[in-house]
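**Q** According to this note's numbering, the residues represented by the sequence shown are 6 to 114, in order.
Structure below; questions to follow.
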Amino acid sequence: MNTVYHVSDVDAYRVAEPKVRNLLDDETLDVDAVTVVVDRPAVIDAAAGDLQETSDALVEMGATVKFCSNAAQGADAGEADFGDGVEFVSSGVGELTRLQTNGWAYIRL
Numbered sequence: 006m007n008t009v010y011h012v013s014d015v016d017a018y019r020v021a022e023p024k025v026r027n028l029l030d031d032e033t034l035d036v037d038a039v040t041v042v043v044d045r046p047a048v049i050d051a052a053a054g055d056l057q058e059t060s061d062a063l064v065e066m067g068a069t070v071k072f073c074s075n076a077a078q079g080a081d082a083g084e085a086d087f088g089d090g091v092e093f094v095s096s097g098v099g100e101l102t103r104l105q106t107n108g109w110a111y112i113r114l
């Protein structure tokens with residue numbers, strides 16, 4: 006099973022780590038992949054700043070964090086502010102559509 010979390014505000018990004026951890030720790034599920042898609046400039050900035058530990062923890066758990074390139078145009082943070090496990094995609098809504106078309110479960114935080 007593959008799951009994508011959609012994050013559009015800073016408070017939702019704060020709870021992404023425990024939500025992903027709960028999913029991965031659920032022994033009744035066979036989880037193959039987890040992605041967190043972010044589509045707001047303020048969340049991108051927080052993910053590179055005050056919530057960098059959340060970004061790092063998500064990646065360490067095996068999740069992929071994907072930031073919308075359109076939203077990134079309004080953010081101060083950019084690709085250079087993130088390491089491995091973080092990607093910038095052409096659009097957040099496009100990525101959500103691609104993943105759901107390919108059978109990924111969708112969760113909005």
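We treat Cβ as the ideally placed atom computed from N, Cα and C, and that holds for glycine.
Taking only the alpha-carbon atoms, compute the straight-line gap between residue 99 and residue 89 and give it to the nearest angstrom.
**A** Mapped onto the sequence shown, residue 99 falls at position 94. Mapped onto the sequence shown, residue 89 falls at position 84. Roughly 22 Å between the two C-alpha positions.
**Q** Are residue 40 and residue 69 closer than 9 Å when you measure CB to CB?
**A** As a working note, residue 40 is residue 35 in the sequence shown. As a working note, residue 69 is residue 64 in the sequence shown. Contact: yes.
**Q** Measuring CA to CA, which of 63, 93, 91, 77 is closest to residue 28?
**A** Locating residue 28 in the sequence shown gives position 23, where the first residue counts as 1. Per the Cα distances, 63.
**Q** What are the boundary residues of the beta strand (DSSP E) that includes residue 38?
**A** Indexing the sequence shown from 1 puts residue 38 at position 33. Unbroken beta strand (DSSP E) run through residue 38: 38–43.
**Q** Pop quiz: residue 7 and residue 37 are said to be a contact at Cβ under 8 Å. What is the actual Cβ separation, rounded to whole angstroms?
**A** One-based indexing of the sequence shown puts residue 7 at position 2. One-based indexing of the sequence shown puts residue 37 at position 32. At roughly 6 Å, the Cβ-Cβ gap stays under 8 Å, so residue 7 and residue 37 are in contact.
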